[in-house]
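Accompanying notes for the structure given below.
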Amino acid sequence: MAEDPDTGQDLPVLDDGALQDLKDEAGEAVALQFMEEYLVMLPVRAAKIFKGLIRGDIETTLEAIISLKVSSGMAGARRLEFYCGSLESALKHGHTPDMAAVKAVLFANIRLVVREASRRGHLPPKSHGPSGS
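When we follow the numbering used here, the leftmost residue of the sequence shown carries the number 1, and every step to the right adds one.
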């Protein structure tokens, strides 16, 4: 079920193969920029999912879930990609997932991705104000 925190546990948190494929296809600078933007956008994408669920807006929720699923796949965030696929399937089959469970599992997966990205040196540099300097 989409709310099971063990769903996808056998998948890697972050698979370097996806980022390497992107580097091979588009170049290292593009791949690293994508990863930085992906990591920065994780909370925004999660918020869109929660807003859609709170409002009962299935279409908006599915759009946000699919966006997070696809971008996670491109970034190599396999567990998060799998979890989003589970949520997508549940919603498409008329199931309304428990909001607290979705929040807990989604944030747990996001924390794992950010932690692993940090460990691998993929985090963007910290901005010091609007100018980024």
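We treat Cβ as the ideally placed atom computed from N, Cα and C, and that holds for glycine.
Figure out for me which residue from the options has the closest Cα to the Cα of residue i.
i	options	result
E36	L62, G76, L53, T61	G76
L13	E81, A31, K92, A101	The sequence given here places Val at residue 13; Leu does not occur at that position. That would be E81, whose Cα lies nearest to the Cα of V13.
V44	G56, L32, T61	T61
Alpha carbon to alpha carbon, how far is residue j from residue i? Give it in angstroms, no decimals.
i	j	result
V114	K23	20 Å
L123	D16	14 Å
S71	M99	22 Å
A29	G8	30 Å
I66	E88	7 Å
G94	A101	17 Å
I54	Y38	24 Å
P97	M41	23 Å
G129	Q33	Its pLDDT being 46, under 50, G129 is placed unreliably in this model, and the value from its coordinates should be taken loosely. Distance between the alpha carbons of G129 and Q33 is about 20 Å.
G121	G56	38 Å
F107	A117	15 Å
A47	E25	31 Å
A18	R119	17 Å
V105	Q20	27 Å
Taking 7 Å as the cut-off, decide whether the C-beta atoms of residue i and residue j are in contact.
i	j	result
L11	R111	no
L91	I58	yes
G52	A64	yes
K69	C84	yes
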